[in-house]
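**Q**
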Amino acid sequence: MNAAIIFGLLLALMLTGMPISISLGLTVLSFLFFMTDVPIDAVALKLFTGIEKFEIMAIPFFILAGNFLTHGGVARRMINFATSMVGHWYGGLGLAGVMACALFAAVSGSSPATVVAIGSIILPAMVAQGFPKNFGAGIITTSGALGILIPPSIVMVMYCVATTGHPQAASIGQMFIAGVVPGILLACFLGFTTWFRARKFGYPRLPKASFAQRMHALRESFWGLLLIIVVMGGIYSGIFTPTEAAAMAAVYAFVVAVFIYKDMPLSRVPKVLLDSASMSAMLLYIITNAVLFSFLMTSEQIPQNMAAWILDQNMGVWVFLLVVNIILLAAGNFMEPSSIVLIMAPILFPVAMKLGIDPVHFGILIIVNMEVGMCHPPVGLNLYVASGITKMGITELTVAVWPWLLTMLIFLGLITYVPAITLWFPRMLGFM
7 MNAAIIFGLL LALMLTGMPI SISLGLTVLS FLFFMTDVPI DAVALKLFTG IEKFEIMAIP
67 FFILAGNFLT HGGVARRMIN FATSMVGHWY GGLGLAGVMA CALFAAVSGS SPATVVAIGS
127 IILPAMVAQG FPKNFGAGII TTSGALGILI PPSIVMVMYC VATTGHPQAA SIGQMFIAGV
187 VPGILLACFL GFTTWFRARK FGYPRLPKAS FAQRMHALRE SFWGLLLIIV VMGGIYSGIF
247 TPTEAAAMAA VYAFVVAVFI YKDMPLSRVP KVLLDSASMS AMLLYIITNA VLFSFLMTSE
307 QIPQNMAAWI LDQNMGVWVF LLVVNIILLA AGNFMEPSSI VLIMAPILFP VAMKLGIDPV
367 HFGILIIVNM EVGMCHPPVG LNLYVASGIT KMGITELTVA VWPWLLTMLI FLGLITYVPA
427 ITLWFPRMLG FM
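Pasting the structure below:
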C-alpha cells in the first residue's frame, strides 16, 4: 500500500511537468511528513551523509574533462585518425563516426558530449560527400550512446553510488573494466549495421589512406588518445582511484586543450568551468534527492518486500531479467538515465542479489538499457542533442535511428543472457 502511495505521488508530480529531482524530494518529504513519524532532522542528516561519498567527486571532474576535450580540438583529430583507418570501407565516413565516438567515449564519459563533439564535425562532412542526412544522423545519435558504456562513464559512477549500501555492491573500478568488452562489441555491432546499409545503398567510400597518412593522423591525435591510457592504466595499475583518475583527466584535458593543441584560448576557460559547474550542480541535485528517495524506500522495506514477493513467485533469473529490461526500457520513455539509475537501482539491486545475479553484470545490463533509452522518444537525450546539430525534427530522427536502435536491442538481449561477455575480462585481470 505504501509503495503504491509513494510511486503514485511521484508519478503525479512528474506528470505536472515538475523536474524529476524536485518530484523526488517532494515525494519523500510529503510522505515522511504526513504518513510517518520519522523526524525531519533525520532527513536533513541523511541528506548530507547520503552524498558524503568520495566517489561522487568523480562526476564533476569527468564532466570538466569532457568539456575541455569537446572544445579543445581533440574530437577533430580523433575523427581524422578514424577516417584514415576505416574511411576506404563502404560508408567510410559513417564507420569513422562510429570509431571516433568510441574513442571519444573513452575520454569523455558522457553521451551528449560525444554526440556534440563528433556529430558537429562529421555530419557536415558526410552530407558534403553525398551521404543522406538521416544516415549520418542515425549513426551519430546511436554511436554517441557509447559514451556511457565505454569507461570512464558518469552513469557507471551513479550506479555504484546508488548501490553503495549493499554488501555485494560493485566498485567503480570493476564497473569500468567490465564496460570495456561490451563497449567495443557494441561499437562493432553499430559499425556492421553502418557498413551493411552503406553497401546495400551504394554510399560513397574514401580513397585508402597510405601508411604515412595514418601515422600522421595517429601523431596528431596522440595526446587525446593518451588520456585513455592515463585514466584506465592509472586505475587498473593501482596508481590512483577512479575519483583521483577523474581529477587527473580534468587537469590533463586542460593542459592538452590549452597548451599542447592550443585550440582553446585561456579566455574561454572560465566559460568551460562555469558550464561544467552548472551541469555538475544539476546532477548532484538529482543525486541528493535520489538518496532521500532511496532512504524512504529502505525505511518502508519496499526493496526487501519486493524481493520476497518475487522469490515467492518462483520467478527464475531469465524471467526476472526480462522484466527488468521491460521496466527500464519503459522508464526510458519518461526519464533520463541518471534519474532512472538512481531510482531503480536501489529497488532492483537487492532482488537481483537474492537471485544470485552478479552485481557487475547487472550494472552493465542497466547501462545498456540506458543507452537504448537515450536514443528513442519522447525524452531520448541524444535525439534532442542530435536534433540541435542536424536541424532535423524528433520524428524524422526517430525514423533515421531505427536500424541502429534495433541493433542495440539485439545487443541488449545478448548482454542480458550471456553474462560471460561482461565478466570474463575483469575476471581475467583479477578484478573479481
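According to the numbering used here, the sequence shown holds residues 7 to 438 in order.
Positions of the beta carbon are idealized from the N, C-alpha and C atoms, including for glycine.
Whole angstroms is fine: what's the gap from Q174's alpha carbon to M359's?
**A** For the purposes of this step, residue 174 is identified with residue 168 of the sequence shown, where counting begins at 1. For the purposes of this step, residue 359 is identified with residue 353 of the sequence shown, where counting begins at 1. Going from the Cα of Q174 to the Cα of M359 covers about 8 Å.
**Q** By how many angstroms is the C-alpha of F202 removed from the C-alpha of S1?
**A** It is not possible to answer for residue 1, since the shown part of the chain is limited to 7 through 438.
**Q** For the region 422 to 434 against the region 156 to 174, do three or more pairs of beta-carbon atoms, one drawn from each stretch, fall closer than 8 Å, so that the two count as touching?
**A** Contact fails: fewer than three Cβ-Cβ distances are below 8 Å.
**Q** Beta carbon of S114, beta carbon of L75: below 8 Å?
**A** In the sequence shown, residue 114 corresponds to position 108, counting from 1. In the sequence shown, residue 75 corresponds to position 69, counting from 1. It is a contact, given that the beta carbons lie within the stated cut-off.
**Q** Taking 8 Å as the cut-off, decide whether the C-beta atoms of A218 and S90 are in contact.
**A** As a working note, residue 218 is residue 212 in the sequence shown. As a working note, residue 90 is residue 84 in the sequence shown. Cβ distance not < 8 Å, so A218 and S90 don't count as in contact.
**Q** Determine the DSSP secondary structure at E342, reduced to helix, strand or coil.
**A** Taking the first residue of the sequence shown as position 1, residue 342 is located at position 336. The answer is coil: DSSP assigns E342 none of H, G, I, E or B.
**Q** Looking at C-alpha atoms only, which residue of I146, L32, I183 is the closest neighbour of W430?
**A** Taking the first residue of the sequence shown as position 1, residue 430 is located at position 424. For W430, the nearest C-alpha among the options comes from I183.
**Q** Please list, in chain order, all residues of the same chain as A392 whose beta carbon is under 7 Å from its beta carbon, the five residues on each side excluded.
**A** Here residue 392 corresponds to residue number 386 of the sequence shown, with the count starting at 1. Closer than 7 Å at the Cβ level, and outside the excluded window around A392, lie V121, G125, A143, I146, T147, L403.
**Q** Using three-state DSSP, classify Y390 as helix, strand or coil.
**A** Taking the first residue of the sequence shown as 1, we reach residue 390 at position 384. DSSP places Y390 in helix when its eight states are reduced to three.
**Q** What three-state label does DSSP hand I128 in the structure shown?
**A** Taking the first residue of the sequence shown as position 1, residue 128 is located at position 122. DSSP places I128 in helix when its eight states are reduced to three.
**Q** As a quick exercise: from A64, G31, H94, H172, pick the residue whose alpha carbon is nearest that of Q310.
**A** Counted from its first residue, the sequence shown places residue 310 at position 304. Residue H172 is the option with its Cα nearest to Q310.
**Q** Does the Cβ of G525 have 16 or more other Cβ atoms within 10 Å, making it buried, or fewer, making it exposed?
**A** Examination of residue 525 is not possible in this model, given that the chain is present from 7 through 438 alone.
**Q** Please classify D364 as buried or exposed, where buried requires at least 16 other C-beta atoms within 10 Å of its C-beta.
**A** For the purposes of this step, residue 364 is identified with residue 358 of the sequence shown, where counting begins at 1. Looking at its Cβ environment, which holds 16 or more other Cβ atoms inside 10 Å, D364 is buried.
**Q** On a Cα-Cα basis, can you pick out the residue from L334, I178, G185, N73 that is closest to A2?
**A** Past the edges of the chain, shown from 7 to 438, lies residue 2, and the structure says nothing about it.
**Q** Please classify R211: does DSSP put it in a helix, a strand, or coil?
**A** Translated into positions along the sequence shown, residue 211 becomes position 205. Coil, per DSSP.
**Q** May I ask you to verify whether the region 288 to 301 touches the region 326 to 340, counting CB pairs closer than 8 Å and requiring at least 3?
**A** No: the two stretches stay apart, fewer than three of their Cβ pairs being nearer than 8 Å.
**Q** Can you list, in chain order, the residues of its chain whose CB lies under 8 Å from that of I57, leaving out five sequence neighbours each side?
**A** Reading the sequence shown from its first residue, position 51 is the one you call residue 57. Correct list, in chain order: L290, I293, T294, V297.
**Q** Specify, as a first and last residue, the run of the alpha helix (DSSP H) that W324 falls within.
**A** Here residue 324 corresponds to residue number 318 of the sequence shown, with the count starting at 1. Taken as a continuous stretch (DSSP letters only), the alpha helix (DSSP H) holding W324 covers 323 to 337.
**Q** What's the C-alpha gap between G457 and A9?
**A** Outside the shown range of the chain (7 to 438) lies residue 457, about which nothing can therefore be said.
**Q** Helix, strand or coil for F437 per DSSP?
**A** Here residue 437 refers to the residue found at position 431 of the sequence shown. The answer is coil: DSSP assigns F437 none of H, G, I, E or B.
**Q** For Q310, name the three-state secondary structure that DSSP assigns.
**A** Within the sequence shown, numbered from 1, the residue matching residue 310 stands at position 304. In this structure, Q310 counts as helix in the three-state DSSP scheme.
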